[in-house]
Amino acid sequence: MQSDQKALLQRLNALEQKQTGTSQLKGDLSSKMFEEYQKQQQVVIVGKIGKNENSAAISNPYRIARSILLLFFVIYTLHQLNQQNEQLNEMRLKMVESLKSVEAIVVAELEEQKQSNAKKFAELEECQKQQQQNIDAEAQKRN
């Protein structure tokens, strides 16, 4: 039972570590998206101010296509991370349920053992009482 509990706890810890990595990856992707957005805004602002050296970058179709592809990639990655997070949460719930059922089994077994011990203790007391009565009876016969 304890090895099962240890294994379940180890799996739970591994899942939590994986989820932490997933959250960190989400944060990294969000920061990259924000940086890309800032760069695009900077180019747009510079183009509006009138600096002609960057105005070609605004209308560059490859840059626009790259930005769109990056956006699709980020959306897809976030979707995958959300699915993975949902799966981890489902597994965590199953593990918690499993731990609860194992705990219930252990509690039931302990209760059985407690009742068995109480019964044995009562039997021992009865035997001791009988032996004492036998000893007392022998002592009275000798007197």
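In this note's numbering, the protein residues as written are 196 to 338.
From the three backbone atoms N, C-alpha and C, an ideal C-beta is built for every residue, glycine too.
Under 8 Å between the Cβ atoms of residue i and residue j?
{"i": "Met228", "j": "Val269", "result": "yes"}
{"i": "Lys213", "j": "Leu319", "result": "no"}
{"i": "Val279", "j": "Thr217", "result": "The sequence as given places Gln at residue 279; Val does not occur at that position. Result yes, Cβ atoms of Gln279 and Thr217 sit closer than 8 Å."}
{"i": "Gln235", "j": "Ser262", "result": "yes"}
{"i": "Leu305", "j": "Gln200", "result": "no"}
{"i": "Met286", "j": "Leu220", "result": "no"}
Could you pull out every residue in the same chain whose Cβ sits closer than 6 Å to the Cβ of residue i, ignoring the five residues on either side in sequence?
{"i": "Ala303", "result": "none"}
{"i": "Leu276", "result": "Thr217, Lys221"}
Under 8 Å Cβ to Cβ from residue i, same chain only, skipping five residues before and after it: list those, please.
{"i": "Leu203", "result": "Met290, Ser293, Leu294, Val297"}
Excluding the 5 residues flanking residue i on each side, which residues of the same chain have their C-beta closer than 7 Å to its C-beta?
{"i": "Leu265", "result": "Glu231"}
{"i": "Arg206", "result": "Met290"}
{"i": "Thr272", "result": "Leu224"}
Segment contact, 8 Å Cβ cut-off, at least three pairs: the region 219 to 237 with the region 289 to 305:
With contact defined as three or more Cβ pairs closer than 8 Å, the region 219 to 237 and the region 289 to 305 are not in contact.
Whole alpha helix (DSSP H) elements within the region 274 to 311, 4-residue minimum
Counting only runs that start and end inside the region 274 to 311, there is no alpha helix (DSSP H) element of at least 4 residues.
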